[in-house]
Structures are given as structure tokens and as C-alpha cells.
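Structure first, commentary second.
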Amino acid sequence: MTTVTLDTEFMQQLKDYGIHDVADCFNCGSCVGACPLSGMESGFPRRLIRRAQLGLTDFEDGATWACATCNACVQQCPRDVKILALMKSLRKIVITTGAGYMPKSLHQAMLNITTVGNPFGEPAEKRGSWAIDKGVPIFTADMELLLFLGCFAGYDPLVRKTASAVVDVLKKAGIPFGILGSEECCCGESVNKSGNEELFNKLAARNIETFQKHGIKRILTISPHCYSTFKEEYPLLGGEFEVLHYTEYFAKLIKEGRIRLSRNIDSKVTYHDPCHLGRYNSIYNEPRELLRSIPGLELVEMPFTQGNSLCCGGGGGGIWREIEKEKRLSDKRLDQASKTGANTLAVACPFCKVNLEGSNMTSSQECVDVKDIAELILEAI
Numbered sequence: 001m002t003t004v005t006l007d008t009e010f011m012q013q014l015k016d017y018g019i020h021d022v023a024d025c026f027n028c029g030s031c032v033g034a035c036p037l038s039g040m041e042s043g044f045p046r047r048l049i050r051r052a053q054l055g056l057t058d059f060e061d062g063a064t065w066a067c068a069t070c071n072a073c074v075q076q077c078p079r080d081v082k083i084l085a086l087m088k089s090l091r092k093i094v095i096t097t098g099a100g101y102m103p104k105s106l107h108q109a110m111l112n113i114t115t116v117g118n119p120f121g122e123p124a125e126k127r128g129s130w131a132i133d134k135g136v137p138i139f140t141a142d143m144e145l146l147l148f149l150g151c152f153a154g155y156d157p158l159v160r161k162t163a164s165a166v167v168d169v170l171k172k173a174g175i176p177f178g179i180l181g182s183e184e185c186c187c188g189e190s191v192n193k194s195g196n197e198e199l200f201n202k203l204a205a206r207n208i209e210t211f212q213k214h215g216i217k218r219i220l221t222i223s224p225h226c227y228s229t230f231k232e233e234y235p236l237l238g239g240e241f242e243v244l245h246y247t248e249y250f251a252k253l254i255k256e257g258r259i260r261l262s263r264n265i266d267s268k269v270t271y272h273d274p275c276h277l278g279r280y281n282s283i284y285n286e287p288r289e290l291l292r293s294i295p296g297l298e299l300v301e302m303p304f305t306q307g308n309s310l311c312c313g314g315g316g317g318g319i320w321r322e323i324e325k326e327k328r329l330s331d332k333r334l335d336q337a338s339k340t341g342a343n344t345l346a347v348a349c350p351f352c353k354v355n356l357e358g359s360n361m362t363s364s365q366e367c368v369d370v371k372d373i374a375e376l377i378l379e380a381i
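Numbering (this note's numbering), first residue to last: 1 to 381.
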């Protein structure tokens with residue numbers, strides 16, 4: 001009989017990097033059943049946890065970066081093992097020691113964020129310039145809220161459609177709002193989940209200082225990743241703000257009669273729950289309330305929905321990694337949406353929109369139209 005013991009030296013290193021309870025895992029496999037990657041990465045994430053316990057982690061193995069931090073495993077763990085904290089710690093070891101494999105595209109995104117404040121490497125002056133061209137003012141303290149565009153909505157043409165719809169709806173509702181323009185900086189969510197704590201802390205400190213300087217009290221986000229980061233991470237660093245995702249805010253505006261939907265959209269729609277809106281923050285009802293409030297729209301649900309929603313693969317820095325086609329979660333999700341018979345797949349997250357639209361464009365099947373809820377709401381006004 002072979003005796004296997006825990007590598008106490010490596011366990012201490014993990015503790016030094018922020019994880020304290022890997023030894024609590026008793027190898028039940030609940031995480032494997034919950035993880036959307038388990039069929040693609042054998043035994044994931046239990047295999048990685050077990051190897052970490054034994055000090056056998058191979059930092060040249062791409063599995064360290066496979067996790068999309070969707071939080072499904074954490075919800076199912078009977079021992080409350082902080083699995084995502086382990087993933088972050090393993091990545092942190094790679095980043096801080098420089099030993100081991102790190103995806104080149106993720107490294108480039110971090111380098112761009114470090115130098116110019118966004119993962120695309122674009123000049124800060126171009127951030128949200130399209131919104132300024134639409135007449136959106138720079139935020140002043142007398143405004144009701146700050147619209148935080150985020151990196152994708154600030155620069156990416158595809159997500160700009162979503163952000164432009166959010167802007168137009170706010171204008172039609174008569175809401176006094178503004179943006180930060182070139183002063184806006186990456187929220188740091190992907191950086192944080194990828195283990196680069198030093199860079200994340202710098203980004204958070206910069207954003208918090210900017211928000212406080214402008215007297216910002218309420219922040220409206222387009223991305224659930226920005227939302228979750230501002231709400232959960234920034235208060236730990238001294239940044240206390242009221243944070244709303246636009247789906248929450250729009251649902252409130254409709255109830256108050258400040259948004260009126262009168263135009264029919266005769267379409268069958270299915271909704272994809274983003275991980276950082278759903279599992280992280282339990283926002284399931286408001287997006288569906290918005291869709292059901294649109295005249296003529298029929299909402300149908302996919303088999304895996306709400307707390308069991310299948311991740312698009314964009315979290316945990318996944319949006320910046322090159323992922324093999326056979327491992328793309330967005331392809332699976334698009335297939336699930338198509339099987340509902342829906343004409344439109346509604347989303348509420350820039351990462352989801354980019355990934356699912358990417359799968360749409362490369363699919364050989366007749367696929368659904370991917371639209372953000374904000375676009376549908378604008379069409380119905």
C-alpha cells in the first residue's frame with residue numbers, strides 16, 4: 001500500500017499567496033459535476049485541487065488558466081472550499097515568480113492595461129469618444145449617476161451597440177448622467193481573477209481616487225464584471241459606492257413609468273444568465289422582467305438557466321485567451337439556445353456578447369441573433 005502525504009511546504013506557499021483551505025477538500029467530486037469544463041479538461045477542477053494538495057502542480061500546464069471563474073463549483077462544494085481563490089493563487093505564483101506558462105494574449109492584455117489603462121492598447125483619449133460624439137457629457141457632481149462604460153463598451157465596435165442603446169434609453173427617460181471619458185480606467189476584474197493583485201490594486205486605487213474626486217455616489221455599469229468588482233472588491237480598498245447594473249436600473253425605471261415600452265417585438269427570445277450577474281450577485285429576475293415587459297416578445301428558457309446557466313467562457317481572463325474551438329463553452333451555449341427554437345439570444349454582458357457572437361459567426365448551423373437586452377428595450381420604446 002502506497003502512502004501519500006500532503007506537501008506541507010507547498011501548502012504553506014499557497015497560504016502565503018492567499019489560499020487557506022485546500023486541505024479541506026476530501027475529493028468528493030461535486031466540483032467536477034458542476035464545472036462546465038469537466039468534459040474538456042479531465043477531472044477538472046478536482047484534479048488541480050488534488051495536485052495542489054500533493055505539491056504536484058505543473059505550472060507549465062495550461063490547466064492553471066483554464067478556469068473561467070464561473071463560480072458553479074463553489075456553489076456545489078459541501079466543504080466550502082474556496083476553489084476560485086486556489087485558481088487565483090496558482091496564477092499569482094506564476095505571475096510573481098515568473099516561472100511557468102502564461103497565455104501570451106493574456107500577458108499582452110495585462111501589459112496594455114499597465115501602460116494605457118485598457119486591454120486593447122488604445123489611447124485613453126479614444127475611450128468612449130463615440131459617446132461624446134453622441135452628446136453624452138462628462139460627469140459633474142449634480143448628475144444622478146455615472147455611466148461606467150468599461151473597456152469593451154469604450155472601445156469595441158460590437159459592444160458599442162449595447163452601450164449606445166443604454167445611452168439612448170437613459171436619454172429618453174430623462175436621466176441626468178455622464179461619463180468619465182479619458183479619465184475612465186479598466187476596473188481590473190480580469191486582472192484580479194488572473195492573479196495579478198499588484199496591478200489590480202493600482203487600478204482600483206486609481207478608479208477610487210477618480211470617483212471620489214468627482215463626487216460620484218452612484219455608478220451604473222454595462223458589464224456585470226465591472227458591477228461585481230465595484231460592489232465586492234472596491235469596498236475592501238476604501239471605495240464605497242452605490243453600484244447598479246443597467247438591468248436593475250431599467251427595471252426600476254419601467255416600474256416608475258419613466259420608460260414606456262409601446263412598440264411590439266414579435267420574436268421568440270431566450271435569455272443567457274451571465275455568471276457575474278447571476279451566480280455572483282443573484283440578479284435573475286430583473287433581466288427577465290425587462291424581456292417580459294416588451295410587447296409581443298415571447299420568452300423561452302434554456303435547459304440550463306439561472307443558477308445552472310452554462311458559462312460563456314469569458315471570465316477569469318478567458319476573454320483574453322485564445323481557446324481551442326473544441327473547448328469553447330460559448331459554442332455549447334449557442335447550441336442550447338438554438339434548440340429552444342428562439343430567434344434571438346438575449347444577453348446582458350459584453351463578454352457573453354463577444355463570445356456568443358463569435359460562436360455565431362463560426363457556426364455552420366443556422367443560429368440565433370445575439371442581442372443585448374438594452375438593444376431590445378430601445379427597440380420597444
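For glycine and all other residues, C-beta sits at the position ideal for the given N, C-alpha and C.
In the stretch 318 to 344, which residue ranges form an unbroken alpha helix (DSSP H) of at least 4 residues, counting only runs that do not cross its ends? For the stretch 318 to 344, whole alpha helix (DSSP H) runs of length 4 or above, ordered along the chain, are 329 to 338.
Alpha carbon to alpha carbon, how far is residue 327 from residue 102? Give it in angstroms, no decimals. Here residue 102 refers to the residue found at position 102 of the sequence shown. Here residue 327 refers to the residue found at position 327 of the sequence shown. Straight-line Cα distance between these residues: approximately 18 Å.
Using the Cα positions of residue 56 and residue 290, report the straight-line distance between them to the nearest angstrom. Indexing the sequence shown from 1 puts residue 56 at position 56. Indexing the sequence shown from 1 puts residue 290 at position 290. In a straight line, the C-alpha of residue 56 is about 48 Å away from that of residue 290.
Option in 380, 145, 272 and 181 with minimal Cα separation from residue 337: For this step, residue 337 is matched to residue 337 along the sequence shown. Nearest C-alpha to residue 337: 272.
3 or more residues per run - each beta strand (DSSP E) lying fully within the stretch 27 to 75: For the stretch 27 to 75, not a single whole beta strand (DSSP E) run of length 3 or above is found.
Quick one: what's residue 179 bridged to in DSSP? For this step, residue 179 is matched to residue 179 along the sequence shown. Beta-bridge analysis with DSSP links residue 179 to 138.
Own chain, CB closer than 6 Å to residue 240, minus 5 neighbours either side, in chain order: To locate residue 240, count along the sequence shown from 1; it is residue 240. So no residue of the chain qualifies.
Beta bridge counterpart(s) of residue 214 as assigned by DSSP: Numbered from its first residue, the sequence shown carries residue 214 at position 214. Residue 214 is not bridged to any residue.
Residue interval of the beta strand (DSSP E) (run including residue 371): Mapped onto the sequence shown, residue 371 falls at position 371. Element bounds for residue 371: 369 to 372.
Can you tell me where the beta strand (DSSP E) with residue 225 in it begins and where it stops? In the sequence shown, residue 225 corresponds to position 225, counting from 1. From DSSP, residue 225 is part of no beta strand (DSSP E) but of the alpha helix (DSSP H) over 224 to 228.
Residue(s) in a DSSP beta bridge with residue 221: Indexing the sequence shown from 1 puts residue 221 at position 221. BP columns for residue 221 point to 148 and 245.
Once you ignore the five residues that flank residue 30 on each side, which residues in its own chain have a CB closer than 7 Å to its CB? Locating residue 30 in the sequence shown gives position 30, counting from the first residue. Around residue 30: 76, 77 and 78.
Checking 8 Å against the spacing of the C-beta atoms, do residue 74 and residue 49 come in under that value? Here the question's residue 74 lines up with position 74 in the sequence shown. Here the question's residue 49 lines up with position 49 in the sequence shown. No, these two residues do not count as a Cβ contact at 8 Å.
Give the range of the alpha helix (DSSP H) segment to which residue 126 is assigned. Residue 126 sits at position 126 when you count from the first residue of the sequence shown. Unbroken run through residue 126: none, as it is neither H nor E.
Whole-Å CB distance - residue 219 paired with residue 146, under 8 Å assumed: On the sequence shown, residue 219 is found 219 positions in, with the first residue counted as 1. On the sequence shown, residue 146 is found 146 positions in, with the first residue counted as 1. Rounded, the Cβ-Cβ distance is 5 Å, consistent with contact.
With DSSP collapsed to three states, give me the class of residue 252. Here residue 252 corresponds to residue number 252 of the sequence shown, with the count starting at 1. Three-state DSSP puts residue 252 in a helix.
Let me confirm a value: residue 250 is counted as buried when at least 16 other C-beta atoms fall within 10 Å, else exposed. Which label applies? Residue mapping note: residue 250 aligns to position 250 of the sequence shown, counting from 1. The residue in question, residue 250, is buried, as its Cβ has 16 or more Cβ neighbours within 10 Å.
Beta-carbon proximity check, residue 105 vs residue 320, cutoff 8 Å: Working through the sequence shown from its first residue, we reach residue 105 at position 105. Working through the sequence shown from its first residue, we reach residue 320 at position 320. Result yes, Cβ atoms of residue 105 and residue 320 sit closer than 8 Å.
Using C-beta distances below 7 Å, list every residue in its chain close to residue 293, excluding the 5 sequence neighbours before and after it, in chain order. As a first step, residue 293 is located in the sequence shown; it is residue number 293 there, counting from the start. Closer than 7 Å at the Cβ level, and outside the excluded window around residue 293, lie 254 and 261.
Per DSSP, what are the beta-bridge partners of residue 299 in this structure? Mapped onto the sequence shown, residue 299 falls at position 299. For residue 299, which the question treats as bridged, DSSP gives the partners 269.
Length at least 4, wholly inside the stretch 160 to 207: the alpha helix (DSSP H) runs in chain order: Within the stretch 160 to 207, the complete alpha helix (DSSP H) runs of at least 4 residues fall at 189 to 193.
Quick check: the stretch 38 to 47 against the stretch 90 to 100, are at least 3 beta-carbon pairs closer than 8 Å? Of all C-beta pairs linking the stretch 90 to 100 to the stretch 38 to 47, fewer than three are shorter than 8 Å, placing the two stretches out of contact.
Contact check, residue 178 vs residue 140 under 8 Å by CB: the rounded distance? Stepping through the sequence shown from its first residue, residue 178 is reached at position 178. Stepping through the sequence shown from its first residue, residue 140 is reached at position 140. Confirmed, Cβ separation roughly 6 Å.
Are residue 71 and residue 234 touching if we call contact CB-CB under 8 Å? As a working mapping, residue 71 is identified with position 71 in the sequence shown. As a working mapping, residue 234 is identified with position 234 in the sequence shown. In this structure, residue 234 does not lie closer than 8 Å to residue 71 by Cβ.
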